[in-house]
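**Student:**
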Amino acid sequence: MTESTWMIIALVIYFGLMLAIGYYGWRRTTQYGDYVIGGRDLPPFVAGISAGASDMSGWLLMGLPGALFVSGMSELWIVIGLFLGSWANWQWVAPRLRAYSEVANNSITLPSFFENRTHDQTRALRVIAAVIIIFFFTFYVSSGMVAGGRYFESTFDGDYMTGMLIVGAITVIYTFVGGFFAVSYTDVAQGLVMFAALIIVPVMALFAIDNPGGIFSYPLDNPYGPWETGNPDYFNFFTGVSAAAIIGNLAWSLGYMGQPHIITRFMALRSPHEARSGRNSGLIWVGICYIGAVFTAIIGASFFGQTQHSVTDREGFETIFLDMTRVLFHPLFAGLVLTAVLAAIMSTMSSQLLVTSSALVEDLFRGFTKRELPQRTLLIASRVMVVIVALVAILMAANPSETILGLVGFAWAGFGSAFGPVIIASLFWRRLTAPGAMAGMIVGALTVFIWGSIPATSGLIYEMVPGFILATLAMVIVSLATKPDPAAEAEFDRAGALTEYAMAHPEVPFDQALKDTQVRGTDNAMSGHEPR
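Going by the numbering used here, the first residue of the sequence shown is number 4, and it counts up by one from there.
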């Protein structure tokens, strides 16, 4: 059989597994809440790997190795920022958001949580948050479509549009059918594939080159990729990188608190104390994946410099992982390894499609419908929205003018600036008001959009930095100038007490702790009495 035939067989195996998990999700999805947030029954291991896999996207196996391959270790500031942000998100945001989202009228989406947290009666806060999600996730999903198209170009010498449509269609099918369960469990399967591939490929490439011991010296003074005479600053973290660039890359950490497709996993945990286990699983997974991506770039310099093989993508060099895999392995095994790229792409796209669908149905459509709609109607509406959002993203990705990293960076900054400060304040600042949250969201989103659209400012510093700072200032100033709802303040105290109690007493089922605080009140719940 030809190389393409073997790889197509591997692809069919992978797609079959994803669709089987989608069917499993469909069997478990009987209620609208199951489709949107899995009935808050997500095990911590699944939450940890799922959050990481939905976070990384094709950037981990394509964008990051490409950036490191071209520019060297100065690009690692992004990795440092992301790892710190992931840790902080699990450590502080996850347990409190799990408790608070249920205390706040059982909120199942981020916009509904903002509304219920501040007791906003105007619906404006919920609508603004939903519109921001729809806008920036359209760009984010588009980046996944672009990655899918480039995957098929590099792997099969195929047509970009055909590859994009195939990847998009499979992702839509299992998200459409299985909802949150399918998305979360396919994320785990995809995350494990990514994990294995990022270990296997750089190790095998190391054995394939003539001088494995020279990988740390080769890129300094030998031609490879875009460098005709080598890059003497390849391993320098600071040379050629401005302070503004370092700050901008580290600022990616701020974005974690505002990413709806990540923090939705926190809301779906079975209890707040399971955030600890989820954090450990997620950080081990992502740490080893980062190491694999870094060594893919380092070893890739020697691999492509010393051999006759070339990189398909000669601009951003975002296909080095794909090209190394295709060269190193039998086509069947190479096809199985290369599904890691699809895993990264599809795990992120499916999560984003589901969150965007939820924003359209739960926060716009349902938010303005006065009568209670049947569960079946809500399920159908959510599934239809998944398809519509995917079609819009495909149209945007048909003629890509941005790199994968560029598209991801814009969306990441948008969410981080618009939602990050508001999430932190919602969970840890009693004085937050609905007008303050609105001001923070609007200023953060507009700053990112405007800053990134003006050439003079877009190259100055990553738009996350001014966006986050200005959003925080706007939120604090407006909140201090307006009066918080007394009921919202009391609810804030109860959520904090519930979180502390649940974290200190992991043996107590969360439903019991929740009922106890409802019946006895915050003071009694924390006085040392066991729940009934």
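Yeah, the Cβ is synthetic: ideal placement off N, Cα and C, and Gly gets one too.
Please read all numbers here as calculations on a predicted model, not as lab measurements.
#1: Name, in chain order, the residues that DSSP records as bridge partners for W230.
#2: Cα-Cα, which of A414, S220, T436, F241 is closest to G233?
#3: Have a look at the DSSP bridge pairing and note the partners of L272.
#4: Work out the CA separation of F240 and A102 for me, nearest whole Å.
#5: How is the alpha helix (DSSP H) around V314 delimited, first residue to last?
#6: If the criterion is Cβ atoms closer than 8 Å, does the pair M148 and A421 meet it?
#7: Hey, how far is the Cα of G295 from the Cα of I202?
#8: Looking only at its own chain, which residues have a Cβ that is under 6 Å from the Cβ of M352, when we skip the five neighbours before and after it?
#9: Counting Cβ pairs, one atom from each stretch, are 3 or more of them under 8 Å apart for the region 189 to 199 and the region 419 to 436?
#10: For Y154, count the other beta carbons within 10 Å of its own beta carbon; 16 or more makes it buried, fewer makes it exposed. Which is it?
#11: Restricting to runs no shorter than 4 residues, where is the alpha helix (DSSP H) found entirely within the region 315 to 379?
#12: Grouping DSSP H, G and I as helix and E and B as strand, with all else coil, what is S530?
#13: Looking at F418 and P263, is the spacing between their C-beta atoms short of 8 Å?
#14: I'd like the span of the alpha helix (DSSP H) that includes G194, first residue to last.
#15: By the 10 Å Cβ neighbour count, where 16 or more other Cβ atoms means buried, how is F324 classified, buried or exposed?
#16: Near A498, which residues of its chain fall below 6 Å by C-beta distance, leaving aside the five closest residues on each side in sequence?
#17: Leaving aside the five residues before and after P487 along the sequence, list all residues of the same chain whose C-beta is less than 8 Å from its C-beta, in chain order.
#18: Cα separation between Y17 and I348?
#19: Is the region 286 to 302 close to the region 166 to 173, with three or more CB pairs under 8 Å?
#20: Less than 7 Å between C-beta atoms, sequence neighbours within five positions excluded: which residues of the same chain meet that for V186?
#21: Specify the secondary structure class of A396 as computed by DSSP and reduced to three states.
#22: Once DSSP output is grouped into helix, strand and coil, what is the label at W432?
#23: Between the beta-carbon of A362 and the beta-carbon of T112, is there less than 8 Å?
#24: To the nearest angstrom, report how far apart P509 and V390 are at their CA atoms.
#25: CB-CB under 6 Å to P68, same chain, minus the five flanking residues each way: which ones, in chain order?
#26: Report the option in G303, A150, Q94 whose CA atom is closest to the CA atom of M506.
#27: So, with DSSP's three-state summary, where would you put R523?
#28: Does the beta-carbon distance from F624 to Y188 come in below 8 Å?
#29: Suppose the cutoff is 7 Å on Cβ atoms and the five residues either side in sequence are ignored; what does the same chain contact list for N225 look like?
#30: Following the continuous alpha helix (DSSP H) through P489, name the residue where it begins and the one where it ends.
#31: How big is the Cα-Cα spacing for L473 and A493?
#32: For Q311, I'd like the list of residues in its chain whose CB is within less than 7 Å of its CB, leaving aside the five on either flank, ordered along the chain.
#33: Rounded to the nearest angstrom, what separates S245 and I453 at their Cα positions?
#34: So which of I218, P377, A13, T158 has the shortest CA-CA distance to G36?
#35: From what residue to what residue does the alpha helix (DSSP H) around S104 run?
**Tutor:** The relevant details are as follows:
#1: Counted from its first residue, the sequence shown places residue 230 at position 227. Note: W230 sits in a beta bridge opposite Y227.
#2: To locate residue 233, count along the sequence shown from 1; it is residue 230. Comparing Cα-Cα distances from G233 to each of A414, S220, T436, F241, the minimum goes to S220.
#3: For the purposes of this step, residue 272 is taken as the residue at position 269 of the sequence shown. L272 is bridged to L45.
#4: Counted from its first residue, the sequence shown places residue 102 at position 99. Counted from its first residue, the sequence shown places residue 240 at position 237. For A102 and F240, the distance between alpha carbons rounds to 40 Å.
#5: As a working note, residue 314 is residue 311 in the sequence shown. Where V314 is concerned, there is no enclosing alpha helix (DSSP H), given that its DSSP letter is neither H nor E.
#6: Looking up residue 148 in the sequence shown gives position 145. Looking up residue 421 in the sequence shown gives position 418. No; because the gap between Cβ atoms is not below 8 Å, this pair is not in contact.
#7: The residue given as residue 295 occupies position 292 in the sequence shown. The residue given as residue 202 occupies position 199 in the sequence shown. Distance between the alpha carbons of G295 and I202 is about 6 Å.
#8: The residue you call residue 352 lines up with position 349 of the sequence shown. Taken in chain order, the residues that qualify are V144, G147, T174.
#9: no
#10: Here residue 154 refers to the residue found at position 151 when the sequence shown is read from its first residue. Y154 should be labelled buried.
#11: 323 to 331, 334 to 361
#12: The residue given as residue 530 occupies position 527 in the sequence shown. Confidence is the limiting factor: at S530 the pLDDT is only 39, short of 50, which leaves the residue's position unreliable, though a coordinate-based value still follows. Of the three classes helix, strand and coil, the one that applies to S530 here is coil, per DSSP.
#13: For the purposes of this step, residue 263 is taken as the residue at position 260 of the sequence shown. For the purposes of this step, residue 418 is taken as the residue at position 415 of the sequence shown. Yes, the pair counts as a contact, with Cβ atoms nearer than the cut-off.
#14: For the purposes of this step, residue 194 is identified with residue 191 of the sequence shown, where counting begins at 1. G194 -> alpha helix (DSSP H) spans 163 to 211.
#15: As a first step, residue 324 is located in the sequence shown; it is residue number 321 there, counting from the start. Flag for F324 reads buried.
#16: Stepping through the sequence shown from its first residue, residue 498 is reached at position 495. Within the same chain, A498 has close Cβ partners A102, Y103, V106.
#17: Mapped onto the sequence shown, residue 487 falls at position 484. Closer than 8 Å at the Cβ level, and outside the excluded window around P487, lie T121, R433, R434, L435, T436.
#18: Taking the first residue of the sequence shown as position 1, residue 17 is located at position 14. Taking the first residue of the sequence shown as position 1, residue 348 is located at position 345. Each residue's alpha carbon lies about 13 Å from the other.
#19: no
#20: If you number the sequence shown from 1, residue 186 lands on position 183. Cβ neighbours of V186 beyond the five flanking positions: T178, S353, S354, L357.
#21: Counting from 1 along the sequence shown, the entry for residue 396 is found at position 393. Of the three classes helix, strand and coil, the one that applies to A396 here is helix, per DSSP.
#22: In the sequence shown, residue 432 corresponds to position 429, counting from 1. Coil, per DSSP.
#23: Residue 362 sits at position 359 when you count from the first residue of the sequence shown. Residue 112 sits at position 109 when you count from the first residue of the sequence shown. Yes.
#24: For the purposes of this step, residue 509 is taken as the residue at position 506 of the sequence shown. For the purposes of this step, residue 390 is taken as the residue at position 387 of the sequence shown. About 40 Å.
#25: Locating residue 68 in the sequence shown gives position 65, counting from the first residue. So the qualifying residues of the chain are A296, T299, A300, I323, F324.
#26: Locating residue 506 in the sequence shown gives position 503, where the first residue counts as 1. Measuring from the Cα of M506, the nearest candidate turns out to be Q94.
#27: Within the sequence shown, numbered from 1, the residue matching residue 523 stands at position 520. Low local confidence applies: a pLDDT of 48 at R523 is under 50, so the model's placement there is unreliable, with the coordinate-based value given in what follows. In the structure shown, R523 sits in a helix (DSSP, three-state: H, G or I).
#28: This structure cannot speak to residue 624, because the chain is shown only from 4 to 535.
#29: Along the sequence shown, one-based indexing puts residue 225 at 222. Here the set comprises G233, G308.
#30: In the sequence shown, counting from the first residue as 1, residue 489 sits at position 486. It spans 489 to 507 - the alpha helix (DSSP H) in which P489 sits, taken as one unbroken run.
#31: Counting from one through the sequence shown, the residue named residue 473 turns up at place 470. Counting from one through the sequence shown, the residue named residue 493 turns up at place 490. C-alpha separation (whole angstroms): 28 Å.
#32: Position 308 of the sequence shown, counted from the first residue, corresponds to residue 311. No residues qualify anywhere along the chain.
#33: Locating residue 245 in the sequence shown gives position 242, where the first residue counts as 1. Locating residue 453 in the sequence shown gives position 450, where the first residue counts as 1. C-alpha separation (whole angstroms): 22 Å.
#34: Here residue 36 corresponds to residue number 33 of the sequence shown, with the count starting at 1. Closest by alpha carbon: P377.
#35: The residue given as residue 104 occupies position 101 in the sequence shown. Run containing S104: 97 to 106, per the alpha helix (DSSP H) assignment.
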